[in-house]
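Yeah, the sequence shown ends on 178 if you go by the numbering used here, and it's all consecutive. Every residue gets a Cβ at the ideal spot worked out from N, C-alpha and C, and that includes glycine. Keep in mind the model is a prediction, meaning the values are calculated, not measured. Below you'll find the structure, written out as structure tokens, and then a few comments.
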Amino acid sequence: MKVYKSIVIGLTLSLAGGALAWHHVGNGGDSLRLLWWSARDHAAFVVQRMHAHAFSATTPDGVRARILEHKDQLAADILASPHVWIDSEEAHCAMTRPIPAAPIELSWSTCRKASQSLSDAAKVLIHEAVHHLGIEDESFADDVALAVWRAWSTGGLDWQPSSSPFGARSGQSAV
């Protein structure tokens, strides 16, 4: 039993953000922290898969250009930015500074109310990573997060242009 408890506690600490992540463990904080941890990986994955044909027709050209020019940096920043959970009644779920890989402060109470899904949390993390690129305009950060998420939710990331679905083949056989 002791070995099992040690493994579970170690895994919880690793997944939840390390030794400083004990706040609210055991009283509902675990699931919220794990949701945001998963959203970090998912948001970076989605940003990385963006391409020129993934955007909706209504996406502003400036937003489209910024995402395509900086998608690698944006994805890396999402993964590199530590989550710092705070006990605060802030109006916003997440706050950060406009420097690369700055910590993202996440308010327990506000995030618990505002983000009930992986997609909600991922959109917030994309938004905050835009600020890390030096863009302080909240509307622009919202536009980037929504453009990325629309591409994902409409299946735009799976579209791959091709002249033919099959390449040249010869000598094929089947049993």
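Please determine, among Ser156, His56, Leu71, the residue with the shortest C-alpha to C-alpha distance to Asp123.
In terms of Cα proximity to Asp123, the closest of Ser156, His56, Leu71 is Ser156.
Give me, in chain order, the residues of the same chain whose beta-carbon lies closer than 8 angstroms to that of Asp44; leave out the 5 immediate sequence neighbours on both sides.
The answer, listed in chain order, is Leu82.
Beta-carbon spacing of Trp39, His86 below 7 angstroms:
Contact flag set, yes.
Is Glu92 helix, strand or coil when you go by DSSP?
Under the three-state reduction of DSSP, Glu92 is assigned to coil, being neither helix nor strand.
If I follow the unbroken alpha helix (DSSP H) through Leu71, where does it start and stop?
Unbroken alpha helix (DSSP H) run through Leu71: 64-83.
So, with DSSP's three-state summary, where would you put Ala60?
Here Ala60 sits in coil by DSSP.
Beta-carbon proximity of Asp80 to Pro101, cut-off 7 angstroms
Result no, Cβ atoms of Asp80 and Pro101 do not sit closer than 7 angstroms.
Thr15, DSSP secondary structure in three states
In this predicted model, Thr15 has a pLDDT of only 42, less than 50, meaning its place in the structure is not dependable enough to derive any value.
Just to confirm my understanding: we take Thr99, look at its own chain, exclude 5 residues before and 5 after, and list those with CB closer than 6 angstroms. What are they?
These residues qualify, in order along the chain: Ala105, Ile107, Glu131, His134.
For the segment 138-154 against the segment 53-69, are there 3 or more C-beta pairs whose distance is under 8 angstroms?
In the pairwise beta carbon analysis, the segment 138-154 is classified as touching the segment 53-69: at least three pairs are separated by under 8 angstroms.
Member of Thr62, Ile70, Trp111 whose CA lies at the smallest distance from the CA of Leu35:
If we check each option's Cα against that of Leu35, Trp111 comes out closest.
If distances are taken between C-alpha atoms only, which option among Ala78, Gln119, Ala68, Lys74 comes closest to Cys96?
Closest by alpha carbon: Gln119.
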